[in-house]
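Numbering (my numbering), first residue to last: 1 to 413.
Rendered as structure tokens:
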């Protein structure tokens, strides 16, 4: 179909505008469709994500249900435990009441004991002051002893310096002795001459006429054994072995049947030790030894603090003694006696220092007893608070007064 030019152009223009509008609308619709598709995809993804979250929530809900079941079981067990705890709490409350009663009692006893301990501590403080003074005196004495020992050590070092060349000195002495004895007509026997060294090694032997003397560790001189240790152990062992050998040599005499063990001696009367001590007016040997021991201890305690004998009483040497030692030492015997007397070392030192005062008081007590006996013979027994006449009564009152003063001073100390 052929149309004219102007009409055709108008038709084309109209068609193109409509198409353009439709194209725009189509493009808008496509854009909106694309947006909707994107939104649908996003919503679909969100739905999937929500489904995943729902699945997780379902799982968590199931887990929580299991936990709740466990918690219910635990609650039931905890309730049972709480009931037991309540019962135990009741028992504890009852026990606490009993303990409170006991605590109140103990507080009262503690208060009483505190007063006693305070008094004891005061006495111990006084004792500690005395101990400090004694320690200062002992320290001064020890310093003096150290000075003396240092002087002795210096002297010993000088002597050791002199004895460094002992080998040459002894060699010269032996050669001079051999020469002097040969001039008289005497000769030194090389086989019987021995050398014993103490804490020294044999480097250069002593020689006479180009013959070395033998170095030995032990030798016998006049029947006694002398060794490097300069002790008596080897000599004692040798003597015991000799006595044992002699005893075994007399075995035939001991085993002979000609000797009778029945000597036909009869002891008609037997007495116990206590009866013998009463009849002879004596005391047991142990008590006599104990009395003499404590007399000697009191004598040494009254000496100066720097005296060696007084320091030896409290000296505690280290180490162990050899086999065959006594069972108890002097220190142990003193401790046993102090336990029996219920006294300590400080009290004994004070009593030893107050020996003269105690003797005077004992004499006063004896005179007081004698005066009381004389007064009772004259006018009857003495009652407390009664008044006496004459010089005897005044004398007795003075004695009693001095005794009371001494007892108070002793208690204060």
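All C-beta atoms, glycine included, are put in the ideal place defined by N, C-alpha and C.
On the three-state DSSP scale, how would you describe residue i?
i: residue 195; result: strand
i: residue 17; result: helix
i: residue 228; result: coil
i: residue 258; result: coil
i: residue 212; result: strand
i: residue 207; result: strand
i: residue 23; result: helix
i: residue 390; result: Annotation note: pLDDT 44 at residue 390 (below 50); position unreliable, coordinate value reported separately. Residue 390 falls in the helix class under three-state DSSP.
i: residue 414; result: The question about residue 414 has no answer here: the residues shown for the chain are numbered 1 through 413.
i: residue 142; result: helix
i: residue 49; result: helix
i: residue 148; result: helix
i: residue 188; result: coil
Which same chain residues end up closer than 6 Å to residue i when comparing Cβ atoms and leaving out the 5 residues on each side of it in sequence?
i: residue 18; result: none
i: residue 127; result: 346
i: residue 190; result: 211
i: residue 111; result: none
My guess is that residue i and residue j are in contact by the Cβ rule of under 8 Å, so how many angstroms apart are they, rounded?
i: residue 194; j: residue 172; result: Not really, about 19 Å apart at Cβ, beyond 8 Å.
i: residue 238; j: residue 225; result: 5 Å
i: residue 177; j: residue 228; result: In fact, because the Cβ distance is near 24 Å, the residues do not count as touching under 8 Å.
i: residue 353; j: residue 302; result: 7 Å
i: residue 174; j: residue 203; result: In fact, because the Cβ distance is near 16 Å, the residues do not count as touching under 8 Å.
Going by the CB atoms, is the gap between residue j and residue i shorter than 8 Å?
i: residue 134; j: residue 317; result: no
i: residue 300; j: residue 293; result: no
i: residue 297; j: residue 313; result: yes
i: residue 188; j: residue 208; result: yes
The alpha helix (DSSP H) with residue i in it runs from where to where?
i: residue 329; result: No alpha helix (DSSP H) contains residue 329, which DSSP labels as neither H nor E.
i: residue 175; result: 166 to 184
i: residue 277; result: 273 to 280
i: residue 298; result: 285 to 301
i: residue 249; result: 233 to 249
i: residue 321; result: Residue 321 -> no alpha helix (DSSP H), and no H or E assigned at all.
i: residue 270; result: Careful: residue 270 lies outside any alpha helix (DSSP H) and carries neither H nor E.
i: residue 352; result: 345 to 353
i: residue 312; result: 308 to 314
If I follow the unbroken beta strand (DSSP E) through residue i, where does it start and stop?
i: residue 218; result: 218 to 221
Verify the contact flag: residue i, CB atom, against every heavy atom of the ligand ATP, threshold strictly below 7 Å.
i: residue 55; result: In the structure shown, the ligand ATP is absent, as is every other ligand, since no ligand is present at all.
Sorted by chain position, which residues of the same chain lie with C-beta nearer than 8 Å to residue i's C-beta, five sequence neighbours on each side aside?
i: residue 84; result: none
i: residue 119; result: none
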